[in-house]
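Colleague:
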Amino acid sequence: MKRTFISLTFLVATHVSAASVQEQMEQNAAVKTAVEELVLANHILYDQNAVDGYGHISVRNPANPNTFFLARSVAPSVVKVDDIIEFDMNGKALNGDTRTAYGERFIHSGILRNRPDINSVIHGHASPILPYGLTGTALKPVYHMSAFLGEGAPVFEIRNFAKPNPDTDMFVSSSDLGDALSQTMGLQYFVLMRGHGYATGADSIKKAVFRTVYAIQNASIQSEAMKMGQVQYLTPGEAANSKETIEKTIGRPWQLWSERVKNQ
Ligand SMILES: [Zn+2]
């Protein structure tokens, strides 16, 4: 009788408990790199005014495409390796981790679940971006740095997906809303969220940070240019060509931004 109890306990334990984030970092160099880069990206995003006390960045687990890493619910500027939680694609914390998670982890699970070409997602509320989700004026690339915006960023209207009441708390707080956000993003890499903020995606952490920083700068430049008169946007051809050229060089600003936060 005693032996049966022990073996059942062992089975249950091995079923629910995969390796912790720390253990995976020790066993797999790619996981270690991804988690350490994720921590650094949190600090860079704060330093670059892309996030404040709110906002977050995730990365898909390089050892398991069906899970991702995201900090527990703390301000990005103070995130440490110990704060990183592993989630499944429904936004459920793994490894028995019961620490408080970001309520909007479904932004990350929704996009990562629906977009296998995206490995890193950023969400924030940077103020230069917000008017473009409110007014019907499209956020479009005004220069080469933000060429990835293509022919303009789509706008997620949460009222169209909220059930049964369209008046929500504005939070993407369920898998269904995460799916709806991802559908609105379509095959693009940036989506505005009306009355809330933005979500960015890319195949790497560095590229997601790069796109976020320059999408915000684009919003500031576009708003200034619109006060002066008719704005010339990049044509779709210019956007496609310059996206390819500029995104080969993202290691350079990443180095600059990393040095800044490491020296603080
Ligand atoms: Zn938010």
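FYI, the numbering for the sequence shown is 0 to 263, going by numbering that gives the first Met the number 0.
Idealized CB from N, CA, C, for every residue including glycine.
Using a Cβ-Cβ cutoff of less than 7 Å, which residues in the same chain neighbour V15 once the five nearest sequence positions on both sides are dropped?
Modeller: Residue 15 sits at position 16 when you count from the first residue of the sequence shown. Note that V15 scores 40 on pLDDT, short of 50, meaning its location in the model is unreliable; the coordinates nonetheless yield the value given after this. If we look at V15 and ignore the five residues flanking it on each side, its Cβ neighbours are G95.
Colleague: State yes or no: is the C-beta of K196 nearer than 6 Å to some heavy atom of ligand 1?
Modeller: Walking along the sequence shown from the start, residue 196 turns up at place 197. Lys is not the amino acid found at residue 196; the sequence shown has Gly there. Flag set: Cβ of G196 near ligand 1.
Colleague: Should L255 go down as buried or exposed, given a rule of 16 or more other Cβ atoms within 10 Å for buried?
Modeller: Translated into positions along the sequence shown, residue 255 becomes position 256. Exposed: under 16 other Cβ atoms inside 10 Å.
Colleague: For P64, name the three-state secondary structure that DSSP assigns.
Modeller: Looking up residue 64 in the sequence shown gives position 65. Strand at P64.
Colleague: Hey, how far is the Cα of D168 from the Cα of N48?
Modeller: As a working mapping, residue 168 is identified with position 169 in the sequence shown. As a working mapping, residue 48 is identified with position 49 in the sequence shown. Computed Cα separation, rounded: 24 Å.
Colleague: Could you name the residues of the same chain whose beta carbon sits closer than 7 Å to that of L10, not counting the 5 residues immediately before and after it, in chain order?
Modeller: Here residue 10 is taken as the residue at index 11 of the sequence shown, counted from 1. Because L10 carries a pLDDT of 40, less than 50, the predicted location of this residue cannot be relied on, and no value is offered for it.
Colleague: Throw me the rounded Cβ distance for the I117 and L180 pair, which I believe falls under 8 Å.
Modeller: Position 118 of the sequence shown, counted from the start, is the residue given in the question as residue 117. Position 181 of the sequence shown, counted from the start, is the residue given in the question as residue 180. Not confirmed; about 12 Å, so no contact.
Colleague: If you run the structure through DSSP and keep just helix, strand and coil, what is S119?
Modeller: In the sequence shown, the residue the question calls residue 119 occupies position 120. S119 falls in the strand class under three-state DSSP.
Colleague: Any chance the segment 51-62 sits against the segment 25-43, with 3 or more Cβ pairs inside 8 Å?
Modeller: The segment 51-62, when compared against the segment 25-43, does touch it at the 8 Å Cβ threshold.
Colleague: What are the start and end residues of the beta strand (DSSP E) that includes A201?
Modeller: Counting from one through the sequence shown, the residue named residue 201 turns up at place 202. G196 to A201 is the span of the beta strand (DSSP E), which, as asked, contains A201.
Colleague: Quick one: is the Cβ of E103 within less than 6 Å of any heavy atom of ligand 1?
Modeller: The count along the sequence shown starts at 1 and reaches residue 103 at position 104. Yes, since a heavy atom of ligand 1 falls inside the 6 Å radius drawn around the Cβ of E103.
Colleague: Which residues in the same chain as F160 place their Cβ atom closer than 8 Å to its Cβ, once the five residues preceding and following it in sequence are excluded?
Modeller: Taking the first residue of the sequence shown as position 1, residue 160 is located at position 161. Closer than 8 Å at Cβ, skipping near neighbours: D175, L176 and A179.
Colleague: Use the C-beta contact count for G250: other C-beta atoms within 10 angstroms, 16 or more gives buried, fewer gives exposed.
Modeller: Position 251 of the sequence shown holds residue 250. By the 10 Å Cβ count, G250 comes out exposed.
Colleague: Return the CA-CA distance between M192 and G149, expressed in angstroms with no decimal places.
Modeller: Position 193 of the sequence shown, counting from 1, holds the residue named residue 192. Position 150 of the sequence shown, counting from 1, holds the residue named residue 149. When rounded, the distance between both Cα atoms is 18 Å.
Colleague: With distances taken between CB atoms, is the gap from A17 to G52 smaller than 7 Å?
Modeller: By one-based count along the sequence shown, residue 17 stands at place 18. By one-based count along the sequence shown, residue 52 stands at place 53. Cβ distance not < 7 Å, so A17 and G52 don't count as in contact.
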